[in-house]
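Trainee: Quick note on numbering: the sequence shown equals residues 6 to 190 in the numbering used here.
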Amino acid sequence: MDDHMRTSVKDVYAAGDCAEIVHGVTDIPIQGLSGSHAYSQGRVAGANAGGVDRAYDPVFVPWGMVGGQVQIGGVSLGETLHKALGIPHMVAAATGISRARYYPGVTRIRVKLIADPVTHRVLGAQMYGGEGIKERADFLAFAIKRGAKLEDFAWMENVYSPPIGALMEPIALAAQAGLAELAKK
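1. Straight-line CA distance for P109 to P168?
2. To the nearest angstrom, how far is the alpha carbon of Q115 from that of L86?
3. By how many angstroms is the C-alpha of M70 removed from the C-alpha of P63?
4. Ignore the nearest five residues each way along the sequence and tell me which others in A146's own chain have a CB closer than 7 Å to its CB.
5. When we look at the beta-carbon of L118 and count the other beta-carbons within 10 Å, is it buried (16 or more) or exposed?
6. Exposed or buried, what is R104 when buried is set at 16 or more other beta-carbons lying within 10 Å of its beta-carbon?
7. Determine the extent of the beta strand (DSSP E) in which T100 is found, giving its start and end residues.
8. Kindly indicate which residue of V96, R11, Y61, S45 has the alpha-carbon position closest to the one of A54.
9. When the Cβ atoms of the region 19-27 are set against those of the region 39-54, are three or more pairs found closer than 8 Å?
10. Ordered along the chain, which non-local residues of its own chain (more than five positions away) have a Cβ less than 7 Å from that of S166?
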């Protein structure tokens, strides 16, 4: 199957569980096994079957889940897979909060960014906390796909609104911590 979801049979397209997708960091085909991938692939296959020229981009696999009162999530490969695949990387991590510290319901959020130690391009992320993990994973997948670096995240704009957003975004705090570690070397 190619990036237009075409199979080796003329006018036959594939999407979903039967289709491999290319990972954006490794360039290795993977099984997506995700409803979000299947849906996007189906849209691309349908568009191409209808005469549109649309490619399915490599994926960075944002994910999230809930366990009790804790949300966990991430993007791309975690630290363990970077090590196993021999991909050079560094870890930039910090703990922030989900909303203003004085506002009811504030929860801690831990963000770990995995970045290239030379270019500072962010390659993946892992997070856990009480809220907002899914939205951060979506944002990070989009930014990582476009080549965002630690410097971009360290100086990012974010919403500061006490009921929904802290003054310092946990993603920015992690990037700043990573840059501080690099400056020591």
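Yeah, the Cβ is synthetic: ideal placement off N, Cα and C, and Gly gets one too.
Mentor: With the given structure in hand:
1. What you label residue 109 is simply residue 104 of the sequence shown in a count that begins at 1. What you label residue 168 is simply residue 163 of the sequence shown in a count that begins at 1. Taken atom to atom, the span from the alpha-carbon of P109 to that of P168 is near 8 Å.
2. Counting from one through the sequence shown, the residue named residue 115 turns up at place 110. Counting from one through the sequence shown, the residue named residue 86 turns up at place 81. One detail in the question is off: residue 115 reads as Arg in this sequence, not Gln. Straight-line spacing of the CA atoms in R115 and L86 works out to 19 Å.
3. As a position in the sequence shown, residue 63 is number 58, starting the count at 1. As a position in the sequence shown, residue 70 is number 65, starting the count at 1. Distance between the alpha carbons of P63 and M70 is about 22 Å.
4. Reading the sequence shown from its first residue, position 141 is the one you call residue 146. Result list for A146: F65, P67, V80, in chain order.
5. Within the sequence shown, the letter at position 113 stands for residue 118. With 16 or more Cβ atoms within 10 Å of its Cβ, L118 is classed as buried.
6. Along the sequence shown, read from residue 1 onward, the residue named residue 104 stands at position 99. Flag for R104 reads buried.
7. Here residue 100 corresponds to residue number 95 of the sequence shown, with the count starting at 1. From DSSP, the beta strand (DSSP E) with T100 extends over 95-102.
8. In the sequence shown, residue 54 corresponds to position 49, counting from 1. Minimum Cα distance to A54 is reached at R11.
9. With the rule of 3 Cβ pairs closer than 8 Å, the region 19-27 counts as touching the region 39-54.
10. Here residue 166 is taken as the residue at index 161 of the sequence shown, counted from 1. Excluding residues up to 5 positions away in sequence, nothing lies with its Cβ nearer than 7 Å to the Cβ of S166 in the same chain.
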